[in-house]
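To keep things clear, I will list the structure first and then write my remarks on it.
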Amino acid sequence: MEGKVGSGIRAFLHETGELSAFAARFFRNAFHRRFEWRELIRQCTLNGALSLPLVAVTAFIMGLVLTVQSRPTLARFGAESMLPAMVAISVVREIAPVITALICAGKIGSSMGAELGSMKVTEQIDAMEVSGTNPFRYLAVTRIWSTTLMLPVLVVLADGIAIWASWVGVNIKDTVTWDLFYRQVFESLEYSDFIPAFIKSYFFGFAIGLVGCYKGFTTSKGTEGVGRSAHSAVVVASLLIFILDLIAVQVTDLMGLN
Amino acid sequence: MDAAASPSIDRKVERVISIRDLHVSFGSNHVLRGFNLDLYRGENVMVLGKSGSGKSVLIKCVVRLQEPDSGHIDVLGQDVLALDQEELDRLRVKIGFLFQSSALYDSMTVQENLEFPLRRHWITTTPEETDALVDEVLTAVGLAHTRKLYPSELSGGMRRRIGLARTLILKPEIVLYDEPTTGLDPITGKEIVELILELQRQYNTSSIIISHDLHVAKLAANRIALLHEGRNYMEGSYHLFRDSEDEVVKRFFVFM
Numbered sequence: 000m001e002g003k004v005g006s007g008i009r010a011f012l013h014e015t016g017e018l019s020a021f022a023a024r025f026f027r028n029a030f031h032r033r034f035e036w037r038e039l040i041r042q043c044t045l046n047g048a049l050s051l052p053l054v055a056v057t058a059f060i061m062g063l064v065l066t067v068q069s070r071p072t073l074a075r076f077g078a079e080s081m082l083p084a085m086v087a088i089s090v091v092r093e094i095a096p097v098i099t100a101l102i103c104a105g106k107i108g109s110s111m112g113a114e115l116g117s118m119k120v121t122e123q124i125d126a127m128e129v130s131g132t133n134p135f136r137y138l139a140v141t142r143i144w145s146t147t148l149m150l151p152v153l154v155v156l157a158d159g160i161a162i163w164a165s166w167v168g169v170n171i172k173d174t175v176t177w178d179l180f181y182r183q184v185f186e187s188l189e190y191s192d193f194i195p196a197f198i199k200s201y202f203f204g205f206a207i208g209l210v211g212c213y214k215g216f217t218t219s220k221g222t223e224g225v226g227r228s229a230h231s232a233v234v235v236a237s238l239l240i241f242i243l244d245l246i247a248v249q250v251t252d253l254m255g256l257n
Numbered sequence: 000m001d002a003a004a005s006p007s008i009d010r011k012v013e014r015v016i017s018i019r020d021l022h023v024s025f026g027s028n029h030v031l032r033g034f035n036l037d038l039y040r041g042e043n044v045m046v047l048g049k050s051g052s053g054k055s056v057l058i059k060c061v062v063r064l065q066e067p068d069s070g071h072i073d074v075l076g077q078d079v080l081a082l083d084q085e086e087l088d089r090l091r092v093k094i095g096f097l098f099q100s101s102a103l104y105d106s107m108t109v110q111e112n113l114e115f116p117l118r119r120h121w122i123t124t125t126p127e128e129t130d131a132l133v134d135e136v137l138t139a140v141g142l143a144h145t146r147k148l149y150p151s152e153l154s155g156g157m158r159r160r161i162g163l164a165r166t167l168i169l170k171p172e173i174v175l176y177d178e179p180t181t182g183l184d185p186i187t188g189k190e191i192v193e194l195i196l197e198l199q200r201q202y203n204t205s206s207i208i209i210s211h212d213l214h215v216a217k218l219a220a221n222r223i224a225l226l227h228e229g230r231n232y233m234e235g236s237y238h239l240f241r242d243s244e245d246e247v248v249k250r251f252f253v254f255m
């Protein structure tokens, strides 16, 4: 039992060290003069535009459900008028960044782990390397940059869609104009709600790209390994998102922004 | 054509690869234990050895896909193990590598696979030039009609040919073949070997061919080096190997 725990801890520390080394390698190559702009744009399109439908549907349902379910509780205290403010603050500060990041960890992280893992086991990454192309710069750096840059964009869109869905939810029982709802939302929101959430979504995006690429690049043991990489990319990225969120809450608290 | 029967390579010609005292190990498994090999310009050397003997590891060391424990590798006058990344990338352009699996980029069409190395190294400056080069290599491997196909739509032999075309599009001086006929039927395998010889004449390349297929040895190799237990066991022409009474050598010919 002790041996198992010991080897588990060693494996965890080893994985953490390898992931940190992979991140350091990213920063060494992130601003290289031979930057792969074309591939970056392709990845941003793939990871951003193609994730949008899923993020949009989830954000709509999230906003609607949150509104409909919060309403009876607020009504009990006669605070129904606080509904737009409550939904907006919850969505902007926490729900949209975390849910969007988790969706992207599932969609983008797993596809990166599987795609790069399959390239690794079929020697495509080696083929790229022997043809004089740096596969890390071409495949990993562009993908990590793309998720880092696109996640905040997706989060802002998710914010907008969830708030609109909340207005739809309010209008199921009441009639509130969009103008009034919109004004209430923006009167309740402050920069201190928006900025920390926006900043932390860059970190979430970085974590998704980093873990997806790391798992893909370290795939071994054939097709079974590809499946394992895709799966563990989602698990590790999701865990990292929660850890980063916890750190972000502590930092904003220390800065007096909560 | 029987390469072994062709005139032997003049050893006064330039040595393009020199491997000395190469050691590679994976944990306690010491795969190469001081292997030596020379390749001269225009020559085809075949490294023969049973599966798992370290043949593929040897050529991966030449392009530094695998870092050896110790030894010296000189390619086209450059000490491969001492090069920095930029220098290594420049040298790699002069070395073609045909993978056993062909390693075609499966998200790209045949044309995109062939254009990829050209774009990366600014070999061509206009789309017309790129098209002409793609046409040239596709015609050379007899697959001009496959431009728009994806690797998954090609047969094993066709994939090997496209892999060869992608290797040759950068006009390398040296080509390293990793098991070029493994997994192919004997007829397709023979066609690939004939294509290798034809392209070698056309593009004037020198090659190291890794294989355990004695048909490849007979058809393509000017010289054979037998890798056994991590060391050079025997070196010479196909005929020398065929007529050998050595037990280790004879074992390769049992199933011929």
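Chains A and B, in that order, give the protein sequences. First residue of the first sequence: 0, per numbering that gives the first Met the number 0; consecutive thereafter. First residue of the second sequence: 0, per numbering that gives the first Met the number 0; consecutive thereafter. Ideal Cβ placement from N, Cα and C applies to all residues, glycine included.
Membership of aspartate 20(B) in any alpha helix (DSSP H) is not indicated; the residue belongs instead to the beta strand (DSSP E) covering 14-25. The three-state reading of DSSP puts asparagine 170(A) in helix, counting H, G and I together. Here the stretch 114-125 of chain B does not lie against the stretch 191-202 of chain B, with fewer than 3 beta-carbon pairs under 8 angstroms apart.
Inter-residue distance for proline 185(B) and leucine 45(A) is about 42 angstroms (C-alpha atoms, whole angstroms). Exposure of valine 253(B) is indicated by the presence of fewer than 16 other C-beta atoms within 10 angstroms of its C-beta. Runs of alpha helix (DSSP H) with 4 or more residues, each lying fully within the stretch 83-130 of chain A, are found at 95-103, 109-120, 123-129, listed in chain order. Taking the beta carbon of proline 116(B) as reference, the chain A residues within 8 angstroms of it are Ser130, Gly131, Thr132, listed in sequence order.
Checking the DSSP bridge columns, you'll see glycine 76(B) has no partner listed. Beta-bridge analysis with DSSP links methionine 45(B) to Ile208(B), Ile223(B). By the C-beta density criterion, phenylalanine 11(A) is exposed, having fewer than 16 other C-beta atoms within 10 angstroms. Chain order gives the chain A residues near phenylalanine 96(B) as Asp125, Ala126, Val129, Ser130, where near means a beta carbon separation below 9 angstroms.
Here tyrosine 176(B) is bridged, per DSSP, to Leu97(B), Ile208(B). For phenylalanine 241(A), the number of other beta carbons within 10 angstroms of its own is below 16, and it is reported as exposed. Using a Cβ-Cβ cut-off of 8 angstroms, threonine 121(A) is close to Ser100, Ala102, Asp105 of chain B, given in chain order. Residue pairing by DSSP places asparagine 231(B) opposite Leu226(B) in a beta bridge. Looking from the CA of tryptophan 144(A), the closest CA among Val250(A), Trp36(A), Phe180(A) belongs to Trp36(A).
Excluding five sequence positions before and after methionine 149(A), the CB atoms of its chain that fall closer than 6 angstroms to its own CB belong to Cys43, Asn46, Gly47, given in chain order. Residue contact check for aspartate 88(B) against chain A: a CB pair falls below 7 angstroms. The beta carbon of leucine 38(B) sits no closer than 7 angstroms to any beta carbon of chain A. In terms of Cα proximity to valine 184(A), the closest of Val250(A), Ala164(A), Ser50(A), Ser200(A) is Ala164(A). Across the structure, glutamate 190(B) and isoleucine 161(B) are spaced so that their CA atoms are roughly 14 angstroms apart.
Under the Cβ criterion (8 angstroms, minimum of three pairs), the stretch 57-75 of chain A does not count as touching the stretch 21-32 of chain A. Taking glutamine 110(B) as the centre and dropping the five residues before and after it, the same chain places the C-beta of Val133, Arg146, Lys147 closer than 8 angstroms to its C-beta, in chain order.
Proximity of chain A to valine 247(B) at the Cβ level (cut-off 9 angstroms) is not reached, the minimal Cβ distance being about 30 angstroms. Taken atom to atom, the span from the alpha-carbon of glutamate 128(B) to that of glutamate 114(B) is near 11 angstroms.
For arginine 158(B), not one C-beta of chain A is nearer than 7 angstroms to its own C-beta. For chain A, the residues of the stretch 51-81 of chain B that bring a beta carbon within less than 7 angstroms of one of its beta carbons are Val62, Leu64, in chain order. Looking at Arg159(B), Gln77(B), Met233(B), the one whose alpha-carbon comes closest to that of serine 17(B) is Gln77(B). Note on alanine 143(B): under 16 other CB atoms within 10 angstroms of its CB, so exposed under the neighbour-count rule. By the C-beta density criterion, glutamate 13(B) is exposed, having fewer than 16 other C-beta atoms within 10 angstroms. A contact is defined here as three or more CB-CB pairs under 8 angstroms, and the stretch 85-103 of chain B meets this definition with respect to the stretch 118-128 of chain A. The criterion of a C-beta distance shorter than 7 angstroms is satisfied by glycine 53(B) and leucine 31(B). Secondary structure of histidine 71(B) (DSSP, three-state): strand.
Separation of leucine 87(B) and alanine 236(A) (C-alpha to C-alpha, rounded to the nearest whole angstrom) is 34 angstroms. When only Cα atoms are considered, threonine 138(B) and arginine 158(B) end up about 15 angstroms apart. Shortest Cα-Cα distance from leucine 188(A) to any of Gly7(A), Glu14(A), Pro83(A), Val54(A) involves Pro83(A).
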